[in-house]
Each structure stands twice: as structure tokens, then as C-alpha cells.
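The sequence shown runs 292 to 419 under our numbering.
Beta carbons: idealized from backbone N, C-alpha and C, even for Gly.
Model, not experiment: these values are computed from the prediction.
Take a look at the structure set out below.
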Amino acid sequence: MPYFKTPKTAIFATLFSALTAVAAQASTETVEAGPIWNQQHAEQVCPAIAHATNGAWTGQWWTTVWNEMSVCQIEYTPPSRAVEAGPIWNQQHANQVCPAVAHAAGGEWTGHWWTTVWNEMSVCQVRG
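Shown next as C-alpha cells:
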């Protein structure tokens, strides 16, 4: 998003951008893993598949075709992003501002924030 010198314009642009953002929700999918013989084997195979596909294994797996195919349940979480929030002065102020900014952006505040332009602009880290 471009930086605007006028605070009102910057805030409007930030809110407009946040309101038009489409949030990606965490999703769970099954990924084929070939035959998995038992829990111990699943604990080796499924985390490797999750890592290779940028996900996290939920701990669940099951056989779909006996002696041929099993699946691992993998959760995919959307990455976080920085959303402009106007100036934030301290943690207490961030605790008031960032949840609303994250909600308007269709996500959830991670608890992190930082200043990008001293006395003018800060960002809230938003997931989703």
C-alpha cells in the first residue's frame, strides 16, 4: 500500500484495504502417504509429509486402501501479514487498536506490532 502524508487519507486507505481483504482460514486436508503400517510408522511419515507441504500434522492418519494407501491429516495455516494501523504509542494502545484492525482485515491479531514511521504509522501483525 502506498504511503500517504495526510493521516486521514492514510487511515482511510488502510481501513479500505483491510475491509476489502479476504481472509484465508486454516484448513485441514488429507494427503496421500502410501501405505502406513502402524502408529510408529505414521509418526515418521506424516510429519515429513507435513513439512514438505508447509503444513502441520494433526496426529491423525488412516488407511484408505488396505496394503496400498493411507492418508495423513495435515493442517495448513495462512501466513501472517502486517496491516497498517496509524500511530500506536505503546503496548496498552496496541491492545486496544490491533484487535479491531485485525478484525477489519478479516484476521486475528498475533499479539505483535511495530512502528514503521515514527509518530505516524505502526502495523499490527495479522494472521488470516
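In terms of Cα proximity to G402, the closest of A395, A343, V414, Q335 is V414. In the structure shown, the three-state DSSP call for E334 is helix. Here M412 is buried: its Cβ has 16 or more other Cβ atoms, across all protein chains shown, within 10 Å.
Sequence-distant partners of T354 (beyond 5 residues in either direction) whose C-beta falls short of 6 Å from its own C-beta, in its chain, are S361. Nearest neighbour of V374 by Cα position, chosen from V388, W357, I327, Q364, turns out to be V388.
Judged by DSSP in its simplified three-state form, I327 adopts coil rather than helix or strand.
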